[in-house]
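Chemist: Okay, handing you the structure first.
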Amino acid sequence: MKLSDVERAMLEGSRGQGAAKALALLVDIGDFFAAERLIPVQSAHVSGVSYLTGGDGLIEHTAFFADLGARVAVPTTLNPCGMDRERYEAMHIAEDFAVKQRLILENFARMGVLTTCSCTPYDFGHIPRKGETVAWAESSAVCFANSYFGAHTNKEDALSALAAAITGRTPEYGFHLPENRVPNARVRVTAPLCEGADFSLLGDHVGHQLKQTSFPFGAIPLFEGIGACRPHQIKALGAALASHGVHLLHIAGITPEVEVYGGAQPEIELEVGPVELTQLAERLAPKQECALYVVGCPNASFEEIAEVCDCVRGRKLKPGKEMWVFTSRPQRALAQSVGLMDELTAAGVEIFCDSCPEVTPYHRERYPAVVTNSAKAVHYIQAPGLSNTPAYFMPLSEGIAAMFEEVEA
Ligand code: F3S
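The numbering used here puts the sequence shown at residues 1 to 409.
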C-alpha cells in the first residue's frame, strides 16, 4: 500500500507509539484486502465495550493504547457497555463486573473517545453525510450509516475502528469503492409492514435467505415495495439483516443511493409475502414462560420510547413480570423532558442507558428466558459468548399485552 509522508512518519512514531501501532494494524488490513492507499475518515464509532464480551483482554488492550498516549484524531462515539453506569444495581449486576466495566470506559475516555455508550449515535448528532468516509463498528450502526445516510464505511471491528479513530485513516477497499455498493439481490416485499417488529422479521427472513451467498462484501439487497416508513423501522430492518452479515441495503424510493444504483440488475431475486413473516414469527415465539420483555436492540429512539409509552398507558405490569427499555442518555433525557419517563415509571417500565439487551449479563435465576421485539436480539441473547440465555420474539403490541394488565379505574 502506498503511504503518504505523513503516514510514514506516523508509522515511525511522529504521533507517538499508540498511533504507530494503530497505523501498522491498518496497513496490515489494507494489504490483506489489496487496498492501494489509506483515506481520511471524518468520524469513527467504536464497538467492543462490554466486559461481558471482552473480559480482561478488553481492559488490557484499551489500557495498552491509552498507556501509549494514543488519542483519537476524529470525533469518536462508543457502543453500549455491559450495564447502566448509574443504575446497574437495578439490573442485578455485581459490583465486581461494574468495577471492571468502569476501567474499560476510563481507558476509552483517556483516549478522547466520547463515552456515549449507545449503538445509535445518529440519534444524538453523530450523523454522517452522503458519500462521507467514516470508520464505524457495530453491525447495525454500520448498516444504518451506509444505507440510510449513504455514508461509506466498512464493517469495522473493535480494533480496526479504534485504529481508524486514532490515526484518522482507513484502508480504501470494500464499501469505500462505489463498485462494491451495487445491489446484488432484489427483494420484492408484498407483506404488510406495520410496526418495527415487522421490519425486524423481514430483515431476519431475508438475511437467512442471503446467508449462503458468496459476494466478497456480503449480500447487498435492493428492497422494492416498502412504502412510507420511519427511520427506526429502517434501523430495525438493517439490524436484523446485519446479524446475517449484510452491511448495506437500498430501499427503492427511500435510501439516498437508490438514484445511483436503483437501475442495477441483481443476480438474485426474492419475494417476501405475509406467509413468510408469519411463519418466522411463529418459529421465534416464546416456548417457555418469560419474566422479562426487553426493547432496545438497536437502542430505542425517542419515537420508540413514545410508542412504548402509548402501549402501556392505563396498564401496569402483571405480578412477576418486568419490562426493560434500553436507550441512549440523550433519548432518555428527551423522554424525561416531555413527561414520558413519569408515565413509564408509573407503569413499572425500567429505562436503562449505556447498555443493550445483548451485552448485559442477565441474572440467570431471575431471568431464565427473555422475550424481545428484535429478531437480532433473539439470536444474540442466546449466543454462548454473550448471555447464553433462551430468547424469544414478540412484537411490541403482543409483548405488552402479555406482560401488562389494565389498571382498574
Ligand atoms: Fe445495538 Fe446491542 Fe443490538 S449494540 S444493535 S442493541 S446488539
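Glycine residues also receive a C-beta, built at the ideal position from the N, C-alpha and C atoms.
Near Pro128, what residues of its chain come up, given a Cβ to Cβ distance below 6 Å and the 5 sequence neighbours on each side ignored?
Modeler: Val134, Ala145, Phe149, Ala151
Chemist: At which residue ranges does the stretch 248-332 contain complete beta strand (DSSP E) runs of 3 or more residues, listed in the order of the chain?
Modeler: You should have 268-272, 292-300, 315-317, 322-327.
Chemist: Look at the Cβ atom of Tyr392, then the Cβ atom of Pro286, and state whether they are nearer than 8 Å.
Modeler: With a cutoff of 8 Å on beta-carbon distance, Tyr392 and Pro286 are scored as near each other.
Chemist: Let me check understanding here. Comparing Cα to Cα, which of His92, Ile381, Pro274, Val46 lies closest to Leu105?
Modeler: Val46
Chemist: With which residues is Cys117 paired in a DSSP beta bridge?
Modeler: Answer is none; Cys117 lacks a bridge partner.
Chemist: Would Cys353 and Arg329 be called neighbours here (beta carbons separated by less than 8 Å)?
Modeler: yes
Chemist: Counting only the same chain and skipping the five closest in sequence on each side, list residues whose C-beta sits under 7 Å from that of Ala158.
Modeler: Val46, Ser47, Gly48, Ala137
Chemist: Which full runs of the alpha helix (DSSP H) of 4+ residues lie inside the stretch 60-134, going along the chain?
Modeler: Entirely contained in the stretch 60-134, the alpha helix (DSSP H) runs reaching 4 residues are, in chain order, 95-110.
Chemist: Put Ala232 into one of helix, strand or coil per three-state DSSP.
Modeler: The question names Ala, but residue 232 in the sequence shown is His. Helix at His232.
Chemist: Beta-carbon separation of Val370 and Val325 under 8 Å?
Modeler: With respect to Val325, Val370 sits apart: the two C-beta atoms are not nearer than 8 Å.
Chemist: Give a yes or no on whether the C-beta atoms belonging to Glu343 and Arg315 are separated by under 8 Å.
Modeler: Note that the C-beta distance between Glu343 and Arg315 is not below 8 Å.
Chemist: Could you check whether Gly225 and Val189 sit closer than 8 Å to each other, using their CB atoms as the reference points?
Modeler: Against a cut-off of 8 Å, the Cβ pair of Gly225 and Val189 comes out as a contact.
Chemist: Less than 8 Å between the beta carbons of Gln209 and Leu249, yes or no?
Modeler: no
Chemist: Would you kindly check if the distance between the Cβ of Thr53 and the Cβ of Ser147 is under 8 Å?
Modeler: no
Chemist: Would you mind reading off the limits of the beta strand (DSSP E) that contains Val410?
Modeler: Any answer about residue 410 is impossible in this case: the structure gives the chain only from 1 up to 409.
Chemist: Excluding the 5 residues preceding and the 5 following His363 in the sequence, name in chain order all residues of the same chain whose CB lies nearer than 6 Å to its CB.
Modeler: His92
Chemist: Evaluate Gly55 with the Cβ neighbour count: other Cβ atoms within 10 Å of its Cβ, from every protein chain shown; 16 or more gives buried, anything less gives exposed.
Modeler: exposed
Chemist: May I have the straight-line CA-CA distance separating Ala236 from Ala94, to the nearest angstrom?
Modeler: Each residue's alpha carbon lies about 31 Å from the other.
Chemist: Tell me which residues share the same chain as Pro361 and place their Cβ nearer than 6 Å to its Cβ, disregarding the 5 neighbours each side in the sequence.
Modeler: Leu52
Chemist: Just tell me which of Pro171, Val113, Arg85 has its CA closest to the CA of Arg102.
Modeler: Arg85
Chemist: Might you give, ordered along the chain, the residues of its own chain that have their beta carbon closer than 7 Å to the beta carbon of Pro384, omitting 5 neighbours on each side?
Modeler: Answer for Pro384: no residue qualifies.
Chemist: From which residue to which residue does the alpha helix (DSSP H) around Glu398 run?
Modeler: Residues 396-403.
Chemist: Per DSSP, Lys2 is paired with what?
Modeler: Arg37
Chemist: Are the Cβ atoms of Asn154 and Cys119 separated by less than 8 Å?
Modeler: no
Chemist: Should Asn373 go down as buried or exposed, given a rule of 16 or more other Cβ atoms within 10 Å for buried?
Modeler: Asn373 is classed as buried because its beta carbon has at least 16 other beta carbons within 10 Å across all chains shown.
Chemist: Just grab the DSSP bridge partners of His379 for me.
Modeler: None, per the DSSP bridge assignment.
Chemist: Beta carbon of Cys143, beta carbon of Val246: below 8 Å?
Modeler: yes
Chemist: May I ask you to report which of helix, strand or coil DSSP gives Arg8?
Modeler: helix
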